[in-house]
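Peer 1: Would you mind keeping the following structure in view while I ask a few things?
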Amino acid sequence: METLALTPKDVIERYPALTRSEGTLANWRNRKIGPRYFRIGRRVVYRPSDIENFLFHAPVMTSDSLED
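See the structure below:
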């Protein structure tokens, strides 16, 4: 079953390429950058799709990725 909401701890465990620190996620939220998130009361949660969209939003184009 797919997880609908990830805590900051879940995010760093599941997506180590994004960051290895909950503090980084908190700084990004404070600066209004980084992946989209939601507040549920005092809790912060992320959707996996928002994390993946943030990770893969700017691909580097290579000569192999150009269409003929």
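Each residue of the sequence shown is one higher than the last, beginning at 1408 in my numbering. A virtual CB, placed ideally from N, CA and C, is assigned to each residue, including glycine.
So for Leu1413, helix, strand or coil by DSSP?
Peer 2: Strand, per DSSP.
Peer 1: Starting from Val1452, follow its DSSP beta bridges and name the residues at the other end.
Peer 2: According to DSSP, Val1452 bridges with Phe1445.
Peer 1: Leu1413 and Val1450 - do their beta-carbons sit closer together than 9 Å?
Peer 2: What sits at residue 1450 in the sequence shown is Arg, not Val. No; because the gap between Cβ atoms is not below 9 Å, this pair is not in contact.
Peer 1: Can you tell which of Arg1421, Ala1424, Lys1416 and Arg1443 has the C-alpha that lies nearest to the C-alpha of Val1430?
Peer 2: Correcting the residue type first, residue 1430 is Gly in the shown sequence and not Val. It is Lys1416.
Peer 1: By Cβ distance, which residues of its chain are closer than 6 Å to Ala1465, with the 5 residues on each side in sequence left out?
Peer 2: Hits under 6 Å: none found.
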